[in-house]
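Here it is as structure tokens:
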């Protein structure tokens, strides 16, 4: 037992001497500082590029949606003008389509405003609802063209 205690004591002393006197910290050099600075610059550049890409994508989606709203407004106006030249049976169907178009257009306009105010974190979650509203408006825009022309 004494031998074991002496052995452990010697190991402890040896480790103390090693860590206290022989183990050296790596000195800070100019090259090391430059490497770390380059790494920070690279990460910052990647972050800026990611934000730029996100902003471009957001702007493109908003532009597409605003074009769809403009198209919907024109379609609604032309349908309102066409109502006066068609039979009364078709008027009710076209009025329903106009109402549906106006509702979808309003929903998309709300989504556009939400998208404009969205940050990077919220963008992905808002984007899905935004695209759903855009597709919904497109479906309604295509529907009146099929059989309700005067």
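Residue numbers (this note's numbering): 35 to 184.
Every residue gets a Cβ at the ideal spot worked out from N, C-alpha and C, and that includes glycine.
Only a predicted model underlies this, so the values are computations on that prediction, with no experimental measurement involved.
With a minimum length of 3 residues, there is no unbroken run of beta strand (DSSP E) contained wholly in the region 104-140. Annotation for residue 54: no alpha helix (DSSP H) segment contains it, and DSSP assigns it neither H nor E.
Per the coordinates, the alpha-carbon of residue 107 lies some 20 Å from the alpha-carbon of residue 94. Straight-line measurement puts the Cα of residue 86 at about 20 Å from the Cα of residue 73. Of all C-beta pairs linking the region 167-175 to the region 119-137, three or more are shorter than 8 Å, placing the two stretches in contact. The three-state secondary structure of residue 62, taken from DSSP, is coil. Within its own chain, the residues whose Cβ lies closer than 7 Å to the Cβ of residue 136, once the five positions on either side in sequence are excluded, are 110, listed in chain order. In the same chain as residue 125, and ignoring 5 residues on each side of it, the C-beta atoms closer than 7 Å to its own belong to 117, in chain order. Burial is judged here by how many other beta carbons sit within 10 angstroms of a residue's own beta carbon; residue 146 has at least 16 and is buried.
Taking the Cα positions, residue 42 is about 14 Å away from residue 51.
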